[in-house]
Every structure is written in structure tokens, then in C-alpha cells.
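Residues 10 to 667 in the working numbering are what the first sequence lists, from first letter to last.
Working notes, structure below.
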Amino acid sequence: MEDKKTYYLTTAIAYTSGKPHIGNTYEAVLADSIVRFKRQQGYDVRFQTGTDEHGQKIEIKSEEAGVTPKQFVDDVSGKIKSIWDLMNTSYDKFIRTTDDYHEKQVQKIFKKLYEQGDIYKGYYEGMYCTPCESFFTSSQLVDGKCPDCGRECQPAKEEAYFLKLSKYTDRLIEHINTHPEFIQPESRKNEMMNNFLLPGLQDLCVSRTSFKWGIPVDFDEGHVVYVWIDALSNYITGLGFDVDGNNALESGTDLFEKFWPADLHLIGKDILRFHTIYWPIMLMALNLPLPKQVFGHPWLLQGEGKMSKSKGNVIYADDLVEVFGVDAVRYFVLHEMPFENDGIITWELMVERMNSELANTLGNLVNRTISMTNKYLDGIAEDKGIAEPVDEELKSLVLSVPQKVIDKMSYLHVSDAITEVFTIFKRCNKYIDETEPWVLGKQEDKKDRLSTVLYNLIESITIGASLLEAFMPETTEKILAQLNTEKRALDNMTSFGGYVSGTKVTDKPEILFMRLDVKEILAKADEISTAQAEAAECNKEENIIDIDEKPQITFEDFEKLQFQVGEIIACEEVKKSKKLLCSQVKIGSTTKQIVSGIKQYYSAEEMVGKKVMVLVNLKPAKLAGVLSEGMLLCAEDADGNLALVAPEKDMPAGAEIC
RNA sequence: GGCGGGAUAGCUCAGUUGGCUAGAGCACACGGUUCAUACCCGUGGUGUCAAGGGUUCAAAUCCCUUUCCCGCUACCA
Numbered sequence: 010m011e012d013k014k015t016y017y018l019t020t021a022i023a024y025t026s027g028k029p030h031i032g033n034t035y036e037a038v039l040a041d042s043i044v045r046f047k048r049q050q051g052y053d054v055r056f057q058t059g060t061d062e063h064g065q066k067i068e069i070k071s072e073e074a075g076v077t078p079k080q081f082v083d084d085v086s087g088k089i090k091s092i093w094d095l096m097n098t099s100y101d102k103f104i105r106t107t108d109d110y111h112e113k114q115v116q117k118i119f120k121k122l123y124e125q126g127d128i129y130k131g132y133y134e135g136m137y138c139t140p141c142e143s144f145f146t147s148s149q150l151v152d153g154k155c156p157d158c159g160r161e162c163q164p165a166k167e168e169a170y171f172l173k174l175s176k177y178t179d180r181l182i183e184h185i186n187t188h189p190e191f192i193q194p195e196s197r198k199n200e201m202m203n204n205f206l207l208p209g210l211q212d213l214c215v216s217r218t219s220f221k222w223g224i225p226v227d228f229d230e231g232h233v234v235y236v237w238i239d240a241l242s243n244y245i246t247g248l249g250f251d252v253d254g255n256n257a258l259e260s261g262t263d264l265f266e267k268f269w270p271a272d273l274h275l276i277g278k279d280i281l282r283f284h285t286i287y288w289p290i291m292l293m294a295l296n297l298p299l300p301k302q303v304f305g306h307p308w309l310l311q312g313e314g315k316m317s318k319s320k321g322n323v324i325y326a327d328d329l330v331e332v333f334g335v336d337a338v339r340y341f342v343l344h345e346m347p348f349e350n351d352g353i354i355t356w357e358l359m360v361e362r363m364n365s366e367l368a369n370t371l372g373n374l375v376n377r378t379i380s381m382t383n384k385y386l387d388g389i390a391e392d393k394g395i396a397e398p399v400d401e402e403l404k405s406l407v408l409s410v411p412q413k414v415i416d417k418m419s420y421l422h423v424s425d426a427i428t429e430v431f432t433i434f435k436r437c438n439k440y441i442d443e444t445e446p447w448v449l450g451k452q453e454d455k456k457d458r459l460s461t462v463l464y465n466l467i468e469s470i471t472i473g474a475s476l477l478e479a480f481m482p483e484t485t486e487k488i489l490a491q492l493n494t495e496k497r498a499l500d501n502m503t504s505f506g507g508y509v510s511g512t513k514v515t516d517k518p519e520i521l522f523m524r525l526d527v528k529e530i531l532a533k534a535d536e537i538s539t540a541q542a543e544a545a546e547c548n549k550e551e552n553i554i555d556i557d558e559k560p561q562i563t564f565e566d567f568e569k570l571q572f573q574v575g576e577i578i579a580c581e582e583v584k585k586s587k588k589l590l591c592s593q594v595k596i597g598s599t600t601k602q603i604v605s606g607i608k609q610y611y612s613a614e615e616m617v618g619k620k621v622m623v624l625v626n627l628k629p630a631k632l633a634g635v636l637s638e639g640m641l642l643c644a645e646d647a648d649g650n651l652a653l654v655a656p657e658k659d660m661p662a663g664a665e666i667c
């Protein structure tokens, strides 16, 4: 049996709380372009993607929708899968965290880690600073006290399971230092090191009791496995991994044995921490090898302001595909995303790219080449060998591109790789200008030269189109079909002239990419936007916010709190702080200084004169070096927007709130 | 507040270990061409390389200071 090198790539699994927008879709397309290229390079590839389907948010959403959580995620997961299919992503495995084999293994993993002591049942036995609401490992404490506020830390009481991280920290640091390619882009490595690894990790809470929709901890009723052990494990359970070593086989093959460790976890930069710290530690605890590389890709952002469904400006892949076609959308997201910085997508930019690169440079090139071949040569371009110096320039450029593309792709610089391919098409257009086939066509004695010129063009386009396959598979197929030839293999691009001389091209060239009118497209985008906003309106997600429930308190507990109306008589910004305002608050005959993190929502000037609700008897603390003697109460919505709470009628400063 | 990364043409960015008149794409303007989807080709830059100082024969590049942006993180009683 041929011993091909394997390549295992995974994307993050998409959370099934709603339809994925173009930014989520980008990840799947990026992954797809990478694996398609690896296949071209001859690797035995496995590409896994899927959906993450547990958690409180889904429990709540399904309840609102009046269906069971399973029904809810079945629906959303199906939608996500259909968008991945629409985008032509060639995944080998679509895993769902509600799949039974996955759930079973997660339970076994959890149990194994528990039995060997890597997971322990805690009662927040770590050092907990109540005022700071934070946990600290003992190594983080300063003189046994909270490193932030310097106060005593105590154990807290809530019951939960924790993954012990400290045991493996040194090994992980060592691994990251000796494997510079492990975290990509490399700049993220410092962030992980400096913010988490070097200061010391606090143990990760891996179970919850506050909701039910999750994988139960089978030896402790009431606990469900919280997100990370559940979600991250998909990368191995999807290969049929079994904790006891009885890996499930797929058509006789032990996929886990064959494909693990993964070559690349492709994820968004926001979850890099989980993939480069918690996941490796889980794997170490399971005594499994670590993935070779984790790439936290940047985001594809939407241009016009913050996206929101109610504004109707969320861009979805299926809307784009309807207007532009699959490959145009693939081209756009891949090309517009640099390696490290966020990219931007708008309808205008889409049209611009579509017109200038796809329609003009590529589409028109194919079209004019085929048209001339038909017009002057009855569709048959033979290599008559009538060469001129300019031909060599074309050939050497074309033949230099494959290696450049391979290099760019090996560093995952997909955008640059596509740009390289397009240099072929640009050179071809120039070549046409240089050789002027329409002039040759008028001279009977130049027929052979003309034929050679068109042959060179067709050969160049064949190579270019073949190189495009990873990025725009349908376009590759369409071009090659029009040229009536086969896809050229990557290792077969070292010499010029593979196109079978004398082949007849199609006599009915089809437009590959239609030029679009920006105004028309924007009008269409407007329609989509309006429809979206209307849908959001009638489907109005009731603005209900659920937060974690706290334990019941007694009236005595409540009586300990002293609330009064306070009048803000002066207010200024706290220098050196992004969020803090420092207010002088009149409460009865005294004045307290209170610092609040509301600068984003209130200016210092507008604060003055407000009468607000104040928690008066809170122990004073220093914030950013400024003393704060109480708390201004605020309401907070799901996006973190704040609104001060004030008495409904005018009340004097100092009035008790009870 | 801590750590890190930036600031180069109207826009998006390249610029390797300091080294010739600082580059590319887009956009714009003009010229050429007509096979093609009004397309393609060519030509066109007075840029304080954020500001100031320093090292050097030589600085966009190295060092210091300042300003402004961004990322992660902490804080946000």
C-alpha cells in the first residue's frame, strides 16, 4: 500500500446558537482551501469540522422557541452544515457534540482524568478573594494575600470539578519554547506566555450545576461537563478515539492511530488560549501527543458599524452566494484576509473585487483567448513551435508560480498564494498585447505563429486554473471544461507544454464572472437588509436576560445592605483608567467618594446633578489608586451597556431605599 | 495598570541581517489598442517613512523620549 503522508486539519466547531454569519463561514472556507491544496500536494487528508451543541445559552434559546434543546440544535446544526456545503467545503467528517460516541468518550475522559487526580472536586478550595471575585493559585498570592487588592483570601463554597493545570505548566512552557511553530501567528505566543503561563495558571472549572443541557458527569448526578472538555475532545473523538484504547475503526482503519496528532487546529484568535493551553494540558493528562500547530486566524469584519440583526446589516454567506456565486465569495474571503490582521467585508468591496479581478483579469482573459482561438483557428490551437523571445518571459513566469504558491501555502499565507496565481493571468493579458494575435490573424503567413501564441496562452491558463483549484474549485472545473482539458497535477507543472496540442476548445465560451453594477448590488443588499430587519422585528427576541442564579439569601442578609439615594455633586474622570469615573456623592449630610466603571456610558459632566441609588455600607476599596467608598447601582444588558438606577420620583439625597 | 505589536503614497500594505534615485496593488489621470465581459497594455508620486533626539561613513531599518492607534490581560464595589 502506498505510504502517503497524512494531514489532519480541524476547524473549531461552530456553536449552534444561531445561523453563522460570513465571519464564521470564513473559517470553514479557509480550512477548505488549505486541505484542498494539501490533497493536491499528495497528502492523505482528513478534514474535520462540526458543531458544538451544549450549554446554557442553547437551553434558554430552545425554551424560548418552545422546542427541546435537541430539536433546536438539530435544526441549527443542519443549517450550519448546509452553509458549509453551499460553500463547497470538502470536509471528511462533520462531528456534532451530541453524537453518542462523542458523549460517551467525553464521559470516559472526564472520569479517567478524575480517577488519576487531574480533575478534582473542588469547593473553590483555591484562594478566593471575595471582593475581587477571583481565584488565585497559592503561587499567585503575595504574602498569602490577594495580589490585586492585598486583602485576605478565603476558600469559597460552590461545588464544581476542576482541571488541575499546574502539574503540566512547565512541560507546556517547554513545549511552546521548543516548538516555535506551535502557536501561529507567533505574536500570539507572547500573549499566552506573559498573560497565563508565566504568572501561573489557575485551575479550570470543568463542570456546571447551573444547567442541564450538557453531557452528564456520570458519577456525580447534577453536574454536567462544562464546555471545554466537551468541545475540545471532538478533535479526537471524531477520529474514533477511545480512552481504553479500543479505538473505533472506520472501514478497517484506525483513524486515530493514523491521523493523530493533528497537523493543524484552525481556530479564531479569540479561542487561542483554550487551544494552546487547556487543550494541550488535557492531552498531556491523557498521555497523548500534542497537535503540531494551532493557528488563530484573524476576523473578517463587516465594514459598516457594528453588526446587528435588528439593523439588518449582518452579512450571511448564502445571501452573498446568491448574488455573486460560490467561488466569488470564496475568492473574496480568502483574498481579503491577510495572515495576521483583520479583514473587512462590505457589499461594495465584494463588487469591486468581483469586477476588477474575477471578471476583468480572469474571466475576460479566458473569454478572449477562447474567442480568438475560435475566430482565427476554428477552435484548435496547435503548438507549431514558432517561438519568439517574449514567449520565454511568459513561460518562465508561469513556471515560477507553482513553487511560490507552495511556499505561501506552507506558511498558511493563503491570501498571498492566490495573489501569486493571479500573476499568471495578468501576465497572459500582457502577452496578448505584446503578440497582437488580431494582427497575426490578418496575415496568412503568420498563421503558425498565431497558433503558437494561442497555444501558449491556453497552456498558461491551464496551469493557472489548476492552481486555482484549492481556492475556487468550480471555476477551475469550468475553465478546464471550456479548454477541453484535464486538471494539471501540481508536480506536473515543471515544464511548459502539457496541454495536448490540437485540442479543440469550446465554441460557446461561457462568461465565468459577470461584471456587476455597484448601484444595483447595493439596492439588492438594501432589500436583503430590510428583510432581515423585518424578520428580526417580528421574531423579536424578547429582551430577556438570564444570568447565573445566586444562592437564596435571608432577610437578615438583605438587611445588612444599606441603600440610599445619593446626589452626584461633582464628578471627574480617573486619569490612567479607561473606564472609571470618580464621583462625589452627597448622601444626607455626608459626602462619599465613589469610583465607578461607567466612563463609556456617562460623561463626567452629565453625571453631575443625578440622583442615583447607592450601596452605602460597602467596604471602601482603592480602584486604580483612588479610594471608593460605595457603589453606584447600575442595570446591565446583555451587551454590557449600563444604566444608572434612580428613584422613580424625586427624592432627597440620603433617602433610604428599602 | 501589566505585557506585546504598530504608525511608510488618497486607500490597503511590502520594505529581509542598517547600504544606491523608498516599493506593490487598488483608486485617479493621460496615451495606446480592439481579440474580449467598455476589456486589456503602457506612462504618471513634491511620500517631512508619526514627532524630537542619539549612534553611524550611511537610519524607514538600531537606541532613547514623546504622541497616537491596535491586540491580549487585569481592573471596572
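Where a beta carbon is used, it is the ideal one built from N, C-alpha and C, also for glycine.
Report task. Name the two residues that bound the continuous alpha helix (DSSP H) containing A437. Result -> In the first sequence, counting from the first residue as 1, residue 437 sits at position 428. What sits at residue 437 in the sequence shown is Cys, not Ala. Element bounds for C437: V423 to T444.
Report task. Decide if the stretch 16 to 30 is in contact with the stretch 272 to 288; the criterion is three or more beta carbon pairs, one per stretch, under 8 angstroms apart. Result -> yes
Query raised in the report: Which residue or residues does DSSP assign as beta-bridge partners of S175?
Result: The residue you call residue 175 lines up with position 166 of the first sequence. Answer is none; S175 lacks a bridge partner.
Requested in this report: Within the same chain, show all residues whose beta-carbon is closer than 8 angstroms to that of M346, passing over the 5 residues directly before and after it, in chain order.
Outcome: Here the question's residue 346 lines up with position 337 in the first sequence. So the list reads Y35, L39, H306, P307, L309, G352, V423 and S424, once near-sequence residues are dropped.
Query - Residues sharing a beta bridge with T599, DSSP - result: Along the first sequence, one-based indexing puts residue 599 at 590. Paired residues: I596.
Requested in this report: Would you tell me roughly how many angstroms separate the C-alpha atoms of Q571 and L641, rounded to the nearest one?
Outcome: Position 562 of the first sequence, counted from the start, is the residue given in the question as residue 571. Position 632 of the first sequence, counted from the start, is the residue given in the question as residue 641. Going from the Cα of Q571 to the Cα of L641 covers about 12 angstroms.
**Report entry** Residues sharing a beta bridge with K621, DSSP
**Finding:** Reading the first sequence from its first residue, position 612 is the one you call residue 621. One detail in the question is off: residue 621 reads as Val in this sequence, not Lys. The partner list for V621 (beta bridge, DSSP) reads G575.
Query raised in the report: Is the Cβ-Cβ distance between L627 and K608 less than 8 angstroms?
Result: Mapped onto the first sequence, residue 627 falls at position 618. Mapped onto the first sequence, residue 608 falls at position 599. No. Outside cutoff.
Report task. Please indicate yes or no: does the CB of S26 lie closer than 7 angstroms to some heavy atom of the ligand FAD? Result -> Of the ligands one can find in the structure shown there are none, so the ligand FAD has no counterpart to examine.
Report task. Tell me whether Y16 sits in a helix, a strand or coil according to DSSP, three-state version. Result -> Taking the first sequence and counting its residues from 1, the one referred to as residue 16 is at position 7. Of the three classes helix, strand and coil, the one that applies to Y16 here is strand, per DSSP.
**Report entry** Test item: CB-CB of Y170 and K221 under 8 angstroms
**Finding:** By one-based count along the first sequence, residue 170 stands at place 161. By one-based count along the first sequence, residue 221 stands at place 212. No, these two residues do not count as a Cβ contact at 8 angstroms.
**Report entry** Classification of V509 by the beta-carbon crowding that lies within 10 angstroms, buried from 16 upward
**Finding:** As a first step, residue 509 must be located in the first sequence, where it is residue number 500. The residue in question, V509, is exposed, as its Cβ has fewer than 16 Cβ neighbours within 10 Å.
**Report entry** E391 vs S460 beta-carbon contact at 8 angstroms
**Finding:** The residue labelled residue 391 in the question sits at position 382 within the first sequence. The residue labelled residue 460 in the question sits at position 451 within the first sequence. A contact, by the Cβ cut-off of 8 angstroms.
Query raised in the report: With contact counted as at least three CB pairs below 8 angstroms, one residue from each stretch, are the stretch 60 to 77 and the stretch 361 to 372 in contact?
Result: no
Query raised in the report: In its own chain, which residues sit with a C-beta less than 6 angstroms from the C-beta of A294, not counting the 5 before and 5 after it?
Result: Start at 1 with the first residue of the first sequence, and residue 294 comes out as number 285. Taken in chain order, the residues that qualify are L122 and D127.
Query raised in the report: Within this structure, are the beta carbons of N493 and V462 separated by less than 8 angstroms?
Result: Translated into the one-based positions of the first sequence, residue 493 becomes position 484. Translated into the one-based positions of the first sequence, residue 462 becomes position 453. Contact flag unset, no.
Query raised in the report: Just to confirm, are D279 and Q302 a CB contact at a threshold of 8 angstroms?
Result: As a first step, residue 279 must be located in the first sequence, where it is residue number 270. As a first step, residue 302 must be located in the first sequence, where it is residue number 293. Not closer than 8 angstroms, so no.
Query - Exposure label - Y420; buried when at least 16 CB within 10 Å - result: Translated into the one-based positions of the first sequence, residue 420 becomes position 411. Looking at its Cβ environment, which holds fewer than 16 other Cβ atoms inside 10 Å, Y420 is exposed.
Requested in this report: Sort F205, T187 and Q193 by Cα distance to T178 and report the nearest one.
Outcome: The count along the first sequence starts at 1 and reaches residue 178 at position 169. The candidate whose alpha carbon is nearest that of T178 is F205.
**Report entry** Close beta carbons around A240, own chain, < 7 angstroms, minus the five adjacent residues each side
**Finding:** To locate residue 240, count along the first sequence from 1; it is residue 231. Here the set comprises I22, D61 and T106.
Query raised in the report: So is D157 buried or exposed if we call it buried at 16+ other beta carbons inside 10 Å?
Result: As a working note, residue 157 is residue 148 in the first sequence. Note on D157: pLDDT 48, under 50, position unreliable in the model; the coordinate value appears next. With fewer than 16 other Cβ atoms within 10 Å, it is exposed.
**Report entry** Spatial neighbours of R524 in its chain, beta-carbon cut-off 7 angstroms, leaving aside the 5 residues before and after
**Finding:** Numbered from 1 along the first sequence, position 515 holds the residue referred to as residue 524. For R524, where only same-chain residues beyond five positions count, the Cβ hits under 7 angstroms are N364 and A368.
Requested in this report: With a threshold of 16 other CB atoms inside 10 Å of the CB of D328, please say whether the residue is buried or exposed.
Outcome: Start at 1 with the first residue of the first sequence, and residue 328 comes out as number 319. If you draw a 10 Å sphere on the C-beta of D328, you find 16 or more other C-beta atoms in it, and that means buried.
Query - Closest Cα partner of I467 within the set Y340, E478, D454 and Y440 - result: As a position in the first sequence, residue 467 is number 458, starting the count at 1. Nearest of Y340, E478, D454 and Y440 to I467, Cα basis: Y440.
Query raised in the report: Would a C-beta distance cut-off of 8 angstroms place V621 and A655 closer than the cut-off?
Result: Residue numbering aside, residue 621 sits at position 612 when the first sequence is read from its first letter. Residue numbering aside, residue 655 sits at position 646 when the first sequence is read from its first letter. Yes. Within cutoff.
Query raised in the report: According to DSSP, what are the bridge partners of I347?
Result: In the first sequence, counting from the first residue as 1, residue 347 sits at position 338. One point to set straight first is that residue 347 is Pro, not Ile, in the sequence displayed. P347 pairs with nothing; no bridge assigned.
Report task. Could you spell out where the beta strand (DSSP E) holding I224 opens and where it closes? Result -> Residue 224 sits at position 215 when you count from the first residue of the first sequence. From DSSP, I224 is part of no beta strand (DSSP E); its letter is neither H nor E.
Query raised in the report: Rounded to the nearest angstrom, how far is the Cβ of W237 from that of V252, given a contact under 8 angstroms?
Result: Residue numbering aside, residue 237 sits at position 228 when the first sequence is read from its first letter. Residue numbering aside, residue 252 sits at position 243 when the first sequence is read from its first letter. At roughly 17 angstroms, the Cβ-Cβ gap does not stay under 8 angstroms, so W237 and V252 are not in contact.
Query raised in the report: Taking DSSP as the reference, what is the three-state secondary structure of Q193?
Result: By 1-based counting over the first sequence, the position of residue 193 is 184. Correct three-state label for Q193: strand.
Requested in this report: On a CA-only basis, which of I537, F46 and P661 is nearest V332? Give me that one, please.
Outcome: As a first step, residue 332 must be located in the first sequence, where it is residue number 323. V332 has its Cα closest to that of I537, out of I537, F46 and P661.
Query - Top-ranked residue by Cα proximity to W356, from V527, F505 and Y464 - result: On the first sequence, position 347 is the one that residue 356 refers to. It is V527 whose Cα lies nearest to the Cα of W356.
Query raised in the report: For the alpha helix (DSSP H) that contains Y385, what are its first and last residues?
Result: Locating residue 385 in the first sequence gives position 376, counting from the first residue. Segment N373 to L386, the alpha helix (DSSP H) holding Y385.
Report task. Give every residue of the same chain whose Cβ lies closer than 7 angstroms to the Cβ of S260, excluding the five residues on either side of it in the sequence, and list them in chain order. Result -> By one-based count along the first sequence, residue 260 stands at place 251. Within its own chain, no residue has a Cβ closer than 7 angstroms to the Cβ of S260 once the five positions on either side in sequence are excluded.
Query raised in the report: Who are the near neighbours of K595 in its chain, counting only those whose CB is closer than 6 angstroms to its CB and skipping five residues on each side?
Result: Locating residue 595 in the first sequence gives position 586, where the first residue counts as 1. Same-chain partners within the cutoff: E576, I578 and A662.
Query - Backbone secondary structure at R105 - three-state DSSP - result: Your numbering for residue 105 matches position 96 in the first sequence. If DSSP states are grouped into helix, strand and coil, R105 belongs with the strands.
Query raised in the report: Among the residues of its own chain, which have a CB less than 6 angstroms from the CB of K173, if the five just before and after it don't count?
Result: Looking up residue 173 in the first sequence gives position 164. Closer than 6 angstroms at the Cβ level, and outside the excluded window around K173, lie D127 and D212.
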